[in-house]
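Please read the structure below before turning to the comments.
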Amino acid sequence: MVSLAAGLAIALLVAWTASAFVPFVPSGVLAALTVVGYAYTTGFVEPGLAALVALVLVSLLASAVDLLSGMVSGRLGGASTRTVVVGTLVGIALLIPLGPIGLVVGLAGTVFAVALYGNGDDPEAAARQAAYAAVGVLASAFVQAVILASVAVVFALAVW
Numbered sequence: 001m002v003s004l005a006a007g008l009a010i011a012l013l014v015a016w017t018a019s020a021f022v023p024f025v026p027s028g029v030l031a032a033l034t035v036v037g038y039a040y041t042t043g044f045v046e047p048g049l050a051a052l053v054a055l056v057l058v059s060l061l062a063s064a065v066d067l068l069s070g071m072v073s074g075r076l077g078g079a080s081t082r083t084v085v086v087g088t089l090v091g092i093a094l095l096i097p098l099g100p101i102g103l104v105v106g107l108a109g110t111v112f113a114v115a116l117y118g119n120g121d122d123p124e125a126a127a128r129q130a131a132y133a134a135v136g137v138l139a140s141a142f143v144q145a146v147i148l149a150s151v152a153v154v155f156a157l158a159v160w
């Protein structure tokens, strides 16, 4: 039978998985803290040292994926690191009035405009770079959610 603490930890891990789609929520860090918090309540007996370390590392990997995916995908599309950083900052500024769509529009729009200016008015190259950056931002939420869902499942199996 699952204890109250384990049930609460599993519920929190499910919540952190869902929060992967909410901007600025450090879902992976929260999942790692949840696993460590549960282990602390059991005197670090459950879920076992190897499982604990693995779950924490995978949770932190989910955060790293979320942070770096826009940058990596923008670079794969040909945009400069500086352009992707500026686009991310514009996206964050647009996040406040427009919500999550503002992040994507700000990033893609900035990358497109800078690439169009920098590539001698080549709209195809600019559109490609903007599309890569936008897809990376959108895909990162899904990748983070899948990773955190696996953390929740493995944790549940480990403490069951």
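With the UniProt record's numbering, the residue at position 98 of the sequence shown is 98, and numbering never jumps.
Cβ atoms here follow ideal geometry from the backbone N, Cα and C, with glycine treated the same way.
Indicate whether residue i and residue j have their beta-carbon atoms separated by less than 8 Å.
i      : j      : result
Val105 : Leu94  : yes
Gln129 : Ala79  : yes
Val137 : Leu103 : yes
Leu148 : Ser73  : no
Ser27  : Ala62  : yes
Ala39  : Leu30  : no
Phe155 : Ala9   : yes
Could you give the first and the last residue of the continuous alpha helix (DSSP H) run that contains residue i?
i     : result
Thr41 : 27-41
Val14 : 4-18
For residue i and residue j, what's the separation of their Cα atoms in angstroms?
i           : j      : result
Ala158      : Leu67  : 28 Å
Val86       : Leu107 : 8 Å
Val35       : Pro100 : 28 Å
Met71       : Pro23  : 16 Å
Gly77       : Ala133 : 7 Å
Val84       : Ala127 : 14 Å
Thr88       : Gly118 : 18 Å
Leu13       : Ile92  : 26 Å
residue 222 : Phe142 : Only positions 1 to 160 of the chain appear in this structure, which leaves residue 222 out of reach.
Thr41       : Ala139 : 35 Å
Val56       : Ser3   : 21 Å
Ala145      : Ala15  : 10 Å
Gly48       : Arg75  : 39 Å
Which of helix, strand or coil does DSSP assign to residue i?
i           : result
Pro100      : helix
Pro123      : helix
Ala79       : coil
residue 170 : With the chain running from 1 to 160 in the structure shown, residue 170 is simply not present.
Val72       : helix
Phe44       : coil
Phe142      : helix
Val53       : helix
Phe21       : helix
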